[in-house]
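This report concerns only the one structure given below.
Protein chains in written order, with this note's numbering: chain H, 5 to 302; chain W, 5 to 302; chain Y, 5 to 302.
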């Protein structure tokens with residue numbers, strides 16, 4: 005079972021016909037990036053990333069998306085094989101805009117194999133996706149649900165531009181985001197900058213899977229200390245064992261998901277972070293910040 | 005047979021000794037990026053990308069490059085195994101500058117396997133390549149020439165900096181390009197921004213190959229909706245079937261070509277686009293633009 | 005035996021208990037990037053990159069790091085499996101800051117397979133790593149030490165921001181680096197811009213391995229002319245022969261190392277360079293510069 009550290013799973017009800025019914029509310033939120041620095045963002049059900057949707061192969065799902073934003077929106081089910089009218093790219097596809105105050109029910113069967121997918125707004129993406137309208141969608145693998153000595157984490161990467169804070173300034177406050185010629189100055193994992201990122205907890209001997217996703221401007225190379233990992237999944241689809249290579253840095257480009265797996269055999273507190281130096285700062289200040297978390301042995 | 009949507013193939017004549025003789029004219033052109041926004045670009049034979057050169061393994065080719073630009077130039081046959089004096093990087097290699105008003109005949113045997121290659125100027129590349137001096141070169145695969153239910157498309161990715169248009173401004177006109185600290189604000193597939201990009205037409209049941217190439221500053225992650233694809237070629241060379249992985253987003257870095265293949269089994273109008281949010285706008289304006297096209301089922 | 009063109013290997017002494025003892029001195033240096041343009045950089049033992057550390061599997065090493073910088077520092081052994089207290093990320097790991105005027109002895113066994121690794125400062129990386137505090141660490145392969153017709157080169161990629169030189173200006177002098185909103189304008193291989201980069205010398209028939217490493221902001225796609233190469237190693241670890249693909253451009257993201265191998269069968273002077281157009285200029289001036297070197301057949 006996948007855990008998204010710091011982010012809740014999206015609950016669902018099972019309808020009489022067996023449909024799994026989920027509700028996502030797109031809305032304005034005030035969100036703390038790090039230590040008293042809040043942004044006026046857009047998220048789903050109170051958070052950015054939105055809550056993680058967890059489904060199983062062959063599920064039939066209905067996801068009601070309620071729009072409480074001041075502008076029209078939509079959701080694209082990134083990586084999922086869905087019918088054209090459920091793919092969420094209006095007006096190009098025959099899939100609707102959702103006007104403010106309205107909702108749309110996306111419904112489809114899960115045809116994809118177990119793996120890591122995403123959902124995100126697909127209207128004016130340079131605004132809506134940079135404002136925070138994205139989340140994770142996991143097709144769970146029934147065979148790993150009760151596996152002992154196994155940890156499975158989802159980590160979504162984001163970047164933010166606060167125009168009102170000059171480089172190095174970390175004055176607490178509530179800030180607007182900038183979308184015109186944005187210079188990204190805050191970098192998050194599951195919505196938080198280090199030191200607010202949630203550590204990945206492991207035990208000695210665990211097999212640890214970490215799934216990364218990214219939909220924004222930069223391509224983030226995530227580097228793990230103290231361990232070498234196998235690359236086991238790409239854009240949701242599993243990579244066969246005879247084709248897996250070993251690395252300690254995985255480049256997560258915009259639009260990609262990558263799943264990596266390692267054996268927890270070297271106890272300690274281990275950084276796992278974007279290797280671009282500015283992305284491990286908070287607004288360029290000295291000290292460690294940004295897109296940086298740790299793997300902690302209990 | 006590869007088709008480059010929106011771009012012509014380069015014609016040739018067969019000389020008495022069997023040589024395939026092509027002529028490329030490097031010249032200033034006025035080129036429409038999108039909806040009345042024209043640039044003063046540099047191209048070959050009237051277009052940017054220039055016309056696609058299509059050859060077969062073991063062909064002996066002679067490509068006459070006539071320079072009608074105001075500056076000296078050259079052509080590098082990107083990815084092809086050619087002799088050093090035909091590789092087009094003067095004065096470092098023993099391969100000439102082509103002065104304005106002059107020409108040079110590049111001639112060599114095609115030693116590469118069937119696949120996707122490129123040609124581009126290799127003098128002052130930060131100006132000449134960003135001005136538009138590039139094109140595709142395909143080594144055709146004799147075995148796929150008459151294959152039924154098969155489509156094969158070439159898509160070349162470019163980015164452009166128009167300094168005179170502030171972000172969001174789409175005033176029609178003819179504009180100069182900027183090469184000093186350029187901030188790229190228009191993004192094209194085969195020379196056009198969406199909605200001027202040409203759709204990839206497919207029929208249900210087709211095997212569809214799409215080949216991407218890029219030689220400029222950004223690395224573009226191309227994301228397909230509604231389908232998963234196999235990665236079948238890299239920098240021209242085929243990837244053996246047992247080594248192909250499945251993805252829906254392929255990062256096309258500067259200098260790379262990637263070939264992907266998918267089965268057309270999900271009818272609709274499907275986006276295929278760079279996933280960097282600013283790259284699917286025209287100059288940062290709202291709405292869909294830039295490096296975005298659709299796969300259209302007939 | 006790996007050669008780092010233009011950079012010395014770090015000498016060592018073998019202690020009575022068999023430990024290989026190395027000494028690295030972090031210090032301010034004045035370093036020539038290209039043709040009379042010097043920077044006030046930070047390096048190790050007088051150079052940036054610092055001297056290459058060469059070890060063998062199962063070696064027990066002690067590396068004394070003496071800090072002659074005006075600020076505290078540390079070293080992270082990038083890609084090596086070391087104990088947590090030797091990994092060099094204070095104060096997050098139980099690994100110390102090294103205060104100015106002090107030293108620390110990092111000691112560990114080499115558990116990694118033969119391959120390409122790096123070392124770099126891990127305190128305020130957006131300053132210290134961009135100032136030049138990095139170097140290569142090679143775990144040598146005993147089986148290739150005396151192989152005939154074999155060349156093995158390490159090439160470390162760096163970028164530099166000199167704020168006092170407007171684009172195109174190449175006035176000789178000694179310059180400070182810029183760390184606030186840096187716009188990188190000089191790009192180096194083993195510390196030098198072309199034409200100061202050292203050619204890779206090969207002979208006809210050689211098998212040539214080239215190892216790239218990068219720890220900074222940009223992801224550099226390195227393109228070789230006249231040859232196709234196999235990708236044989238990733239982040240230090242070998243890629244099995246049945247999984248190696250053929251390319252002519254390899255994207256070296258921040259935090260990655262990649263090893264490529266080709267047969268020298270096409271004599272000439274062949275460019276091997278970053279394909280991002282601005283990265284093969286010196287400060288945007290016309291002509292070839294930057295992250296560009298040649299492979300020269302003797």
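Every residue gets a Cβ at the ideal spot worked out from N, C-alpha and C, and that includes glycine. Treat the numbers as computed from the prediction; the structure is a model and nothing was measured.
Could you tell me the boundaries of the beta strand (DSSP E) in which residue i lies?
i             : result
residue 162/Y : 154-164
residue 238/Y : 233-238
residue 265/W : 261-267
residue 225/W : 224-228
residue 119/Y : 119-124
residue 45/W  : 41-48
residue 297/H : 296-301
residue 305/W : No information on residue 305/W is available, as it lies outside the stretch 5 to 302 that chain W covers here.
residue 55/Y  : 54-59
residue 113/H : 107-113
residue 275/H : 273-278
residue 290/W : Counting along the chain, residue 290/W falls outside any beta strand (DSSP E), and DSSP gives it neither H nor E.
residue 14/Y  : No beta strand (DSSP E) contains residue 14/Y, which DSSP labels as neither H nor E.
residue 213/Y : 211-218
Mind checking which residues open and close the alpha helix (DSSP H) that includes residue i?
i             : result
residue 133/W : 129-135
Which term fits residue i, buried or exposed, when burial requires 16 or more other beta carbons within 10 angstroms of its beta carbon?
i             : result
residue 62/H  : exposed
residue 185/H : exposed
residue 34/H  : exposed
residue 124/Y : buried
residue 244/Y : exposed
residue 58/H  : buried
residue 231/Y : buried
residue 121/H : buried
residue 134/H : buried
residue 115/W : exposed
residue 136/Y : buried
residue 207/W : exposed
residue 128/W : buried
Beta-carbon separation of residue i and residue j under 9 Å?
i             : j             : result
residue 293/Y : residue 284/Y : yes
residue 31/W  : residue 49/W  : yes
residue 141/Y : residue 229/Y : no
residue 159/H : residue 225/H : no
residue 291/Y : residue 256/Y : no
residue 161/W : residue 191/W : yes
residue 223/H : residue 276/H : no
residue 39/H  : residue 199/H : yes
residue 75/H  : residue 112/H : no
residue 92/Y  : residue 110/Y : yes
residue 132/H : residue 182/H : no
residue 267/Y : residue 211/Y : yes
Relative to the ligand SAM, is the shortest distance from any of its heavy atoms to the C-beta of residue i smaller than 8 Å?
i             : result
residue 295/W : Only the bare structure without any ligand can be found here, which leaves the ligand SAM out of the picture.
Next item on the list: Spell out a yes or no on whether the stretch 248-264 of chain H and the stretch 55-74 of chain Y are touching, meaning 3 or more CB-CB pairs, one atom from each, closer than 8 Å.
Entry: no
Next item on the list: Could you name the residues of the stretch 239-268 of chain H whose beta carbon sits closer than 7 Å to any beta carbon of chain Y, in the order they occur along the chain?
Entry: 247, 249, 250, 251, 252, 253, 255
Margin query: Tell me which residues of the stretch 108-130 of chain Y have at least one Cβ-Cβ distance to chain W shorter than 9 Å, keeping chain order.
Written below: none
Next item on the list: For the stretch 148-169 of chain Y, enumerate the residues whose C-beta is nearer than 7 Å to any C-beta of chain W, in chain order.
Entry: none
Notebook entry, point to check: Do the stretch 149-158 of chain H and the stretch 169-176 of chain H touch if we need at least three Cβ pairs shorter than 8 Å?
Noted result: Result no; under three Cβ-Cβ pairs closer than 8 Å.
Margin query: When you compare the stretch 173-181 of chain Y with the stretch 13-29 of chain Y, are there three or more beta-carbon pairs, one atom per stretch, that lie closer than 8 Å?
Written below: By the Cβ rule, the stretch 173-181 of chain Y does not count as touching the stretch 13-29 of chain Y, because fewer than three pairs are nearer than 8 Å.
Next item on the list: Residues of the stretch 280-296 of chain W with a CB closer than 8 Å to any CB of chain H: list them in chain order, please.
Entry: 280, 281, 282, 284, 285, 288, 290, 291, 292
Next item on the list: Return the residues of the stretch 70-96 of chain W that lie within a Cβ-Cβ distance of less than 7 Å from chain H, sorted by chain order.
Entry: none
Check: Between the stretch 216-231 of chain H and chain W, which residues of the former have a C-beta closer than 7 Å to a C-beta of the latter?
Finding: 219, 220, 221, 223
Margin query: I'd like to know if the stretch 223-239 of chain W and the stretch 260-269 of chain W are in contact, where contact means that at least 3 CB-CB pairs between them fall below 8 Å.
Written below: The stretch 260-269 of chain W and the stretch 223-239 of chain W touch, with three or more beta-carbon pairs separated by less than 8 Å.
Check: Would you say the stretch 124-142 of chain Y touches the stretch 201-221 of chain Y, given that touching needs at least three Cβ pairs under 8 Å?
Finding: Judged by Cβ distances under 8 Å, the stretch 124-142 of chain Y makes contact with the stretch 201-221 of chain Y, as three or more pairs qualify.
Check: Can you list, in chain order, the residues of the stretch 182-215 of chain W whose Cβ is nearer than 7 Å to any Cβ on chain Y?
Finding: 184, 185
Notebook entry, point to check: What residues in the stretch 38-69 of chain H have a beta carbon less than 8 Å from any beta carbon of chain W?
Noted result: none
Item checked: Residues of the stretch 132-147 of chain W with Cβ closer than 8 Å to any Cβ of chain Y, in chain order -> 133, 134
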